[in-house]
Amino acid sequence: MSKVCELTGKRAMSGNNVSHALNRTRRKFNVNLVKKRFYIPEEDKWITLKVSTSALKNINRKGISAVLKEARAKGFLKK
1 MSKVCELTGK RAMSGNNVSH ALNRTRRKFN VNLVKKRFYI PEEDKWITLK
51 VSTSALKNIN RKGISAVLKE ARAKGFLKK
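In case it helps, full-length UniProt numbering puts the sequence shown at residues 1 to 79.
What follows is the structure, encoded as structure tokens:
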């Protein structure tokens, strides 16, 4: 399973661990993903999405229908 948000397209990025002596070693910054079920009243069905917590905040602000429409327009969601 890939670590990619299905609504925003956020994915893991790479960077450095920096010690006190400024030694740098490569590391990965993973996305904070949550598997969540949403009810869509227009289609009268439940869907399960793997979304980042920032996408959850967007859903709380705008509503699931508006966020799904934006994700489809940007090409992140196939359906």
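Each residue gets a CB set at the ideal place from its N, CA and C atoms; glycine is no exception. Please read these numbers as outputs of a predicted model, since none were measured by experiment.
Asked	Found
The stretch 5-19 contacting the stretch 48-65, beta-carbon criterion three pairs below 8 Å	yes
Contacts around residue 15, its chain only, beta-carbon distance under 7 Å, and the 5 residues preceding and following it disregarded	27, 29
For residue 13 and residue 23, the rounded distance between their alpha carbons	20 Å
Cβ neighbour criterion (16 or more within 10 Å) applied to residue 40	exposed
Inter-residue Cα distance where the pair is residue 77 and residue 45	16 Å
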